[in-house]
Amino acid sequence: MSHVVVIGAGQAGASCVAKLRSEGFDGQITLIGAEPVPPYQRPPLSKAYLMGEMAQERLYLRPAAFYADNNITLRLNTKVGEIRPAEKAIVLMNGEGLAYDDLVLTTGSVPRKLPAGIGGDLSGVFTVRDLADADAMAPAFQPGKRLLVIGGGYIGLEAAAVAAKLGLQVTLVEMADRILQRVAAPETSDYFRALHRAHGVDIREGVGLVRLTGEGHVTGAELTDGTRLAIDLAVVGIGIIPATGLAEISGITTDNGIVTDDYGRTSDPHIWAAGDCATCNVEGQRIRLESVGNAIDQAEAVAINIMGGDQPYVPKPWFWSDQYDCKLQIAGLNLGYGQVHVRKGEDGAQSHWYYKGDRLIAVDAMNDARNYMIGKRLIEGGKSPDPALITDPATDMKALLKL
Ligand code: FAD
5 MSHVVVIGAG QAGASCVAKL RSEGFDGQIT LIGAEPVPPY QRPPLSKAYL
55 MGEMAQERLY LRPAAFYADN NITLRLNTKV GEIRPAEKAI VLMNGEGLAY
105 DDLVLTTGSV PRKLPAGIGG DLSGVFTVRD LADADAMAPA FQPGKRLLVI
155 GGGYIGLEAA AVAAKLGLQV TLVEMADRIL QRVAAPETSD YFRALHRAHG
205 VDIREGVGLV RLTGEGHVTG AELTDGTRLA IDLAVVGIGI IPATGLAEIS
255 GITTDNGIVT DDYGRTSDPH IWAAGDCATC NVEGQRIRLE SVGNAIDQAE
305 AVAINIMGGD QPYVPKPWFW SDQYDCKLQI AGLNLGYGQV HVRKGEDGAQ
355 SHWYYKGDRL IAVDAMNDAR NYMIGKRLIE GGKSPDPALI TDPATDMKAL
405 LKL
């Protein structure tokens with residue numbers, strides 16, 4: 005009987021095994037995860053869960069019984085230390101060996117940490133990737149405490165929003181000229197800067213961290229503009245690194261992610277990869293998409309291809325972020341955009357439409373689910389309305405789908 009082993013029991017790993025079974029794979033399936041809990045969703049860790057508004061069980065992607073019911077062997081608290089591609093076998097950290105016919109790497113990513121030399125190892129300094137990180141951090145979010153958030157990407161901004169709502173005094177520093185610089189247009193940065201400032205967050209852009217200070221516990225921060233801050237805790241949100249170590253030591257090709265072909269296959273014909281750790285093809289460029297949508301879709305494509313489906317994976321990027329009462333929804337990918345057109349709607353709804361030449365490539369929609377859906381359908385259908393129609397408040401946006 006054929007045996008598929010999946011390493012990494014996160015979003016992509018869980019999606020891959022579920023898809024194998026729903027597509028009728030009747031061989032053996034083993035899903036191995038280093039964490040002690042069944043596969044769960046990470047996005048709430050910097051949103052509702054951190055806020056204390058969501059129970060741990062609600063994070064789980066599937067009920068615990070799902071795996072046994074579907075004859076999937078789920079091995080938690082188990083780390084894989086080595087792959088032996090020539091033998092089609094893996095070795096667990098406890099020395100146990102396991103043979104596979106196909107192996108899927110869904111090892112995710114790890115947060116970039118501050119070096120110990122600049123205070124990264126002080127207590128009270130947190131990153132947020134795992135449930136354990138969120139559980140360690142949440143009790144420190146006490147009203148009145150002074151929090152420094154390092155990094156103005158989505159995770160840093162979400163942590164800042166939760167902290168501000170809980171009554172902490174929040175300062176956020178972003179080394180680049182503006183928050184969200186890597187991922188969004190200035191118009192979107194402006195929107196979220198204003199939103200955070202309205203909630204009392206002190207956002208400082210073009211300002212980096214020199215070091216965190218303290219004796220054991222963090223008590224201060226020195227910034228690149230010479231400012232010294234007294235703080236009680238710090239959250240570090242400075243990006244992630246794909247978890248490619250296992251692939252690298254096993255001779256599988258990596259290049260800022262595990263290199264995969266359009267079908268999700270790595271440099272070894274019996275080893276596949278999906279999710280944060282893997283690359284995918286976006287318009288001829290191999291990049292990594294760090295999102296739930298990509299983790300699910302790429303992993304499902306791998307499952308289909310293991311079963312001989314021969315289906316290239318074509319990403320349809322989407323993403324979201326929750327900050328205060330704003331739900332941001334993003335469709336498409338804004339790589340190489342030229343212009344951004346702003347549409348303002350009722351009740352504070354706003355959307356930013358990215359064009360590359362005369363092609364619509366992405367939409368950021370703030371409290372505007374309707375235009376997010378319309379934008380997503382336009383992008384996926386390869387339709388690019390005249391930008392003048394987008395900005396005209398009189399345009400019936402739904403009618404654009406029929407153009
Ligand atoms: P992961 O979910 O990270 O799973 C990888 C698993 O592999 C981990 O459990 C790890 O322990 C395990 N593993 C690694 N190495 C080994 C080994 N050697 N042996 C055994 N197990 C191993 N995306 C969105 O689209 N929208 C959002 O709003 C959003 N918010 C986010 C908020 C936070 C706080 C975080 C951390 C992420 C957020 N993301 C969001 C990103 C999204 O969660 C990730 O893109 C997604 O989880 C990637 O899934 P994955 O399966 O590739 O990796």
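For our numbering, count along the sequence shown from 1 and bump the result up by 4.
Even glycine gets a Cβ: it sits at the ideal position worked out from N, Cα and C.
Membership of residue 301 in the alpha helix (DSSP H) is indicated by the continuous run 296-310. 58 is the residue among 92, 240, 58 whose C-alpha sits nearest the C-alpha of residue 47. Distance from residue 321 to residue 292 at the Cβ level is roughly 11 Å; contact not present, criterion being Cβ atoms closer than 8 Å. Annotated three-state conformation of residue 375 is helix, per DSSP. Not one heavy atom of the ligand FAD is found less than 8 Å from the C-beta of residue 151. Comparing C-alpha distances from residue 145 to each of 166, 136, 156 shows the shortest one belongs to 166. The alpha-carbon separation between residue 95 and residue 194 amounts to approximately 49 Å.
Going by DSSP, residue 359 is part of the beta strand (DSSP E) stretching over 354-360.
Taking the Cβ atoms as the reference, residue 210 lies roughly 17 Å from residue 187, outside the contact range of under 8 Å. Proximity of the stretch 282-296 to the stretch 81-88 falls short of the contact definition, fewer than three beta-carbon pairs being nearer than 8 Å.
Per the Cβ contact rule, the stretch 113-122 is in contact with the stretch 214-234 (3 or more Cβ pairs under 8 Å). In the three-state reduction of the DSSP assignment, residue 33 falls in the strand class, which pools E and B. With a threshold of 16 other beta carbon atoms within 10 Å, residue 407 falls short and is exposed. Looking at the backbone, the Cα of residue 152 and that of residue 280 are separated by about 27 Å.
In the DSSP assignment, residue 402 falls outside any alpha helix (DSSP H) and carries neither an H nor an E. If you draw a straight line from the Cα of residue 17 to the Cα of residue 325, it comes to about 23 Å. In this chain, residue 160 is not harboured by any beta strand (DSSP E); it is covered by the alpha helix (DSSP H) spanning 158-169.
Secondary structure in the stretch 33-59: the alpha helix (DSSP H) runs of 4 residues or longer, each lying completely within the stretch, are 52-55 in chain order. Remark: fewer than three beta-carbon pairs, one from each stretch, lie closer than 8 Å, so the stretch 228-247 and the stretch 90-108 are not flagged as touching. A straight-line Cα-Cα distance of about 20 Å links residue 133 and residue 222.
Inclusion of residue 36 and residue 14 in the CB contact set at 9 Å is not warranted, their separation being larger than that value.
Only buried fits residue 380, as 16 or more other CB atoms lie within 10 angstroms of its CB. Here residue 395 is exposed, its C-beta having fewer than 16 other C-beta atoms within 10 Å. Under DSSP, no beta-bridge partner is assigned to residue 121.
By the C-beta density criterion, residue 334 is buried, having at least 16 other C-beta atoms within 10 angstroms. Distances taken from the Cβ of residue 380 to the heavy atoms of the ligand FAD include none shorter than 8 Å. Closest by C-alpha distance to residue 138, out of 51, 400, 374, 65, is 51.
Taking each of 143, 111, 389 in turn and checking the Cα distance to residue 276, the smallest one comes out for 111.
The beta carbon of residue 25 sits closer than 6 Å to the beta carbons of 74 from its chain, once the five residues preceding and following it are set aside; these are given in chain order. Taking a C-beta distance under 9 Å as the contact criterion, residue 306 and residue 278 qualify as a contact pair.
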